[in-house]
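Participant: Dropping a structure here in structure tokens format, bear with me for questions.
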Amino acid sequence: MSSKYKFGDPGELHFVTYTVVGWIDIFTRDETRQIVIDSLSYCHRTKGLNIHAWCLMTNHVHVIVSSRNKPLDNIIGRHKRHVSMEIKKWLAAGSGESRREWMLELFNRAGLANSNNADFQFWQQTNHPIHIYSREVIMQKLNYLHNNPVRAGFVHKPEHWRWSSAVDYAGGTGLLKDISLIDV
């Protein structure tokens, strides 16, 4: 893997994208979205994760993060693993998701096809971290991240998407209380 897609200094900002296998739209229900938010908040409180911006789409997550002296790849890995386990439990418990059996079959098939997993894979293997090294890149990544729901046609303005930090950057208070806003 190219070094441009590896985490660098944990104290520096990184733009990270992680995607559900097969681009499955599982984050369409509040329950699954809350699993991601709760896990990010937990990683902030207990693992040293600084969350500077975030956006949860239907099948992927964008974050701008740094950490308080702990390796970002370990923190993001734990976060992804926790979300995966919680989603698996949610699906196995019945969840009310009409596509439940189809999703479980696809996640199980992906897990069996990947030697890094036993029988279940929720996330694609890569995190695709990009080191943010300048104000120009900060602005580009913040705009990209917050405008993702607008480009997808979900909302007309970024701050109207509940599942991101756009409202925080617009002066409001979003769902994730652990945001360390970037001075822009």
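Every number in the working numbering is 2 more than the matching position in the sequence shown, counting from 1. Where a beta carbon is used, it is the ideal one built from N, C-alpha and C, also for glycine. Note that the structure is predicted; figures quoted are calculated from it, not measured.
1) Got a sec? Which residues, its chain only, sit under 8 angstroms from PHE156 by beta carbon, not counting five neighbours each side?
2) Is it buried or exposed, LEU183, if we count other Cβ atoms within 10 angstroms and call 16 or more buried?
3) Going straight from the alpha carbon of ASP40 to that of THR175, what length do you get?
4) Counting only runs of 3+ residues fully inside the segment 91–174, write out the beta strand (DSSP E) ranges in chain order.
5) If you reduce the DSSP assignment to three classes, tell me which class VAL38 lands in.
6) Using DSSP bridges, identify the partner residues of ASN52.
7) If you drop the 5 nearest sequence neighbours on each side, which residues of the same chain put their C-beta closer than 6 angstroms to that of GLY50?
8) Compute the Euclidean distance between the alpha carbons of LEU114 and GLU88, then round it to the nearest angstrom.
9) Are the segment 8–26 and the segment 94–108 touching, with three or more C-beta to C-beta distances below 8 angstroms?
10) Report the option in ALA172, ASN61, GLY96 and TYR146 whose CA atom is closest to the CA atom of VAL85.
11) Rounding to the nearest angstrom, what Cα-Cα distance links ASN149 and LEU177 in this structure?
12) Considering only the alpha carbon of each residue, which of ARG31, TRP56 and TYR44 lies closest to TYR20?
13) Can you look up VAL23 in the DSSP assignment and give me helix, strand or coil?
14) Between the segment 127–141 and the segment 94–103, do three or more beta carbon pairs fall short of 8 angstroms?
Facilitator: In brief:
1) TRP163
2) exposed
3) 16 angstroms
4) none
5) helix
6) SER68
7) SER69, ARG70 and LYS72
8) 19 angstroms
9) yes
10) ASN61
11) 17 angstroms
12) TRP56
13) helix
14) no
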